[in-house]
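>
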Amino acid sequence: MIVDGEEVTFHVWDTAGQEEFNALTRRYYRGASACVLAFATNNRDSFEAVRRWRDAVNNECSENITTVLIQTKIDLIDEAEVSELEVEALAAEFGIPLFRVCSKDNIMVKEVF
Numbered sequence: 002m003i004v005d006g007e008e009v010t011f012h013v014w015d016t017a018g019q020e021e022f023n024a025l026t027r028r029y030y031r032g033a034s035a036c037v038l039a040f041a042t043n044n045r046d047s048f049e050a051v052r053r054w055r056d057a058v059n060n061e062c063s064e065n066i067t068t069v070l071i072q073t074k075i076d077l078i079d080e081a082e083v084s085e086l087e088v089e090a091l092a093a094e095f096g097i098p099l100f101r102v103c104s105k106d107n108i109m110v111k112e113v114f
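According to my numbering, the sequence shown is numbered sequentially starting from 2.
1) In terms of alpha-carbon separation, which member of A39, R28, V4 lies closest to I97?
2) Buried or exposed, going by whether 16 or more other CB atoms sit within 10 Å of the CB of V51?
3) Quick one: grab the DSSP three-state call for I97.
4) What's the gap between the Cα of A33 and the Cα of V13?
5) Cβ of F114 within 8 Å of Cβ of F11?
6) If you draw a straight line from the C-alpha of R45 to the C-alpha of V83, how long is it?
7) Could you tell me whether the Cβ atoms of L99 and E89 are closer together than 8 Å?
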């Protein structure tokens, strides 16, 4: 990808929030320039884990790492387990941008990156 006339390479690591991979994922956090914290609209547990994931990243990176919050699966909003207000409050608490995306329908995916 070219940004401001300069080639930029992305390495995206999806840790899926799986605790058994903590030792491995910490290696990927080191040296990272950005963090995408994602949770599923229809999965309350993933929303509840966002703070823990953010803390894990901040422990390995600086707290100044560029971070965004992603609400995925917005096509399943009728099955939402998290309210819009909760999501907006979390983004505000962290002071980071919020994107609501649907990869299935390619909604806002490009804008995240």
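We put the CB at the ideal spot given by N, CA and C, even for glycine.
Every value quoted in this text rests on a predicted model; they were computed, and no experiment measured them.
Working from what's here:
1) Indexing the sequence shown from 1 puts residue 97 at position 96. The shortest C-alpha separation from I97 is found at A39.
2) Here residue 51 refers to the residue found at position 50 of the sequence shown. By the 10 Å Cβ count, V51 comes out buried.
3) As a working note, residue 97 is residue 96 in the sequence shown. Residue state, collapsed to three classes: coil.
4) To locate residue 33, count along the sequence shown from 1; it is residue 32. To locate residue 13, count along the sequence shown from 1; it is residue 12. Roughly 10 Å between the two C-alpha positions.
5) For this step, residue 114 is matched to residue 113 along the sequence shown. For this step, residue 11 is matched to residue 10 along the sequence shown. Result yes, Cβ atoms of F114 and F11 sit closer than 8 Å.
6) Along the sequence shown, read from residue 1 onward, the residue named residue 45 stands at position 44. Along the sequence shown, read from residue 1 onward, the residue named residue 83 stands at position 82. Here the alpha carbon of R45 sits roughly 6 Å from the alpha carbon of V83.
7) Translated into the one-based positions of the sequence shown, residue 99 becomes position 98. Translated into the one-based positions of the sequence shown, residue 89 becomes position 88. Cβ distance < 8 Å, so L99 and E89 count as in contact.
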